[in-house]
Amino acid sequence: MTDAAFYGKLADLHSHTRLCGHAEGEPRDLARRAKDLGLGVLGISEHCPMPSGFDRLRLAEERLPDYLAMVEDARRAFPTLPIRLGIEAEYCRGEAESVRRFLEKADWDHVIGSVHYLGKWNFDDPKEIPAWKALSDLRATWQAYFDLWKEAARTRLYDTLGHPDLVKKFGFVPEGSCEAMFEDALRAVAEAGCCIEINTAGLRKPVKEIYPSAAFLKIARRMEIPITFGSDAHAPSEVGANFREAVALARACGYTESARFEKRKRTMWPLPEKE
C-alpha cells in the first residue's frame with residue numbers, strides 16, 4: 207500500500223507547537239507535513255495551562271487566543287486537510303474543576319487526558335531518572351499512576367486518554383504481570399465511554415515501545431474500548447511517525463477501526479487494509 211493510501215485512512219490527533227515551550231513549529235508546519243504524508247486528519251493538541259507549582263512547559267493561558275488563531279491560519283493554508291482543534295489536558299488530583307473551566311474557553315474538537323505527575327513529581331522528566339532508580343517499590347508507583355488514570359476517566363472530561371502506560375517511559379517496569387492493574391484501570395475507561403490512544407512517541411523514548419503495550423491493548427479490545435492514534439509530535443517531522451507499527455499493533459490486538467472527533471463527536475473509521 208502506498209503511503210498516501212495508508213495515511214489517508216488515519217487521523218493523527220496528538221501534536222504540539224512551539225507555544226508549549228518544548229516543541230518546534232507552528233500548526234501550519236505540522237499541517238504541511240500531514241499534507242505531504244496524505245494524512246486523513248490532523249489533530250493539534252497543545253498542553254493545557256496548569257496552576258502555579260507545576261512546570262511551565264505548556265500553553266500559557268494568555269496565549270490561548272494566539273493558539274486558536276494559529277490553528278485557523280493552518281486551516282486557511284491547507285483547506286483540503288481536516289485540522290482538528292484539540293488540547294492535551296493534564297489530570298491532577300484536585301485540579302479537575304480548573305481544567306473544566308479552561309475547556310469552556312474554546313470550541314474544541316477533542317480533548318486528550320493525560321497524567322504526567324504523581325503529586326508534584328513530574329515522573330516523565332528525564333531529570334527524574336535518578337529518582338526512578340532510587341524507588342524501593344516500583345509496583346506501588348505504577349499503581350499510583352493507574353489510580354490517577356482511573357480518576358481521570360471518571361471525570362468524563364476527556365475524549366481519549368493519551369499514552370496510557372506513560373509510566374514505563376524510562377524502562378522501569380515491575381516484575382511479574384501487571385494485567386490486573388490494567389484491567390482495573392480500563393474498567394473505569396469503559397464505564398466512562400472514553401477512548402484510549404495508541405501513541406508512537408514511546409518508540410522515541412528509552413523504553414522503545416509504543417504506548418500502550420500489547421498486553422494492555424488486548425484487554426482494552428476485550429472491553430470494546432475504542433482507540434485513537436497519536437504521534438505526540440513535538441516537531442513537524444514527527445507527524446504520523448511510526449503509524450505503520452501502530453496500526454500493526456492495533457490489528458494484532460483485534461482492532462479493525464479507530465476513532466476521530468469533530469466538535470467532540472466521535473466517529474469510527476476502518477483501519478487501512480492489512481498489508
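Each residue of the sequence shown is one higher than the one before, counting from 207 in the working numbering. Positions of the beta carbon are idealized from the N, C-alpha and C atoms, including for glycine.
Beta-carbon separation of residue i and residue j under 8 Å?
i      : j      : result
GLY244 : GLY292 : no
TRP355 : ALA396 : no
GLU403 : HIS440 : no
GLU232 : ARG239 : no
GLY319 : LEU363 : yes
Using CA atoms only, rank isn't needed, just tell me which of the options is closest to residue i.
i      : options                        : result
LYS241 : GLY446, GLU451, MET207         : GLY446
GLU471 : HIS228, LEU477, ALA458, ASP365 : Before going on, a small fix: residue 471 reads as Lys here, not Glu. Considering only alpha carbons, the answer is ASP365.
ALA452 : ARG239, ASP218, MET207, ALA210 : ASP218
HIS220 : ASP279, VAL373, THR434, ILE335 : THR434
GLU415 : ARG234, ILE431, PHE376         : PHE376
Three-state secondary structure (DSSP) at residue i?
i      : result
GLU481 : coil
VAL445 : coil
ILE416 : coil
ASP353 : helix
TRP338 : helix
ASP218 : strand
VAL247 : strand
LEU287 : coil
TRP348 : helix
Any idea which residues DSSP pairs residue i with across the strands?
i      : result
SER320 : GLU296
CYS254 : CYS254 pairs with nothing; no bridge assigned.
CYS401 : THR366
SER464 : TRP475
THR434 : GLU403
Using a C-beta cutoff of 8 Å, does residue i count as contacting chain C?
i      : result
LEU367 : Considering every chain present, this structure includes no chain C. It has just one protein chain.
Inspect the CB distances between the segment 233 to 248 and the segment 285 to 301 and report whether three or more fall short of 8 Å. yes
Determine, using beta-carbon pairs with one atom in the segment 334 to 351 and one in the segment 291 to 310, whether at least three such pairs fall under 8 Å. no
Okay, do the segment 452 to 469 and the segment 306 to 321 touch, 3+ Cβ pairs below 8 Å being the bar? yes
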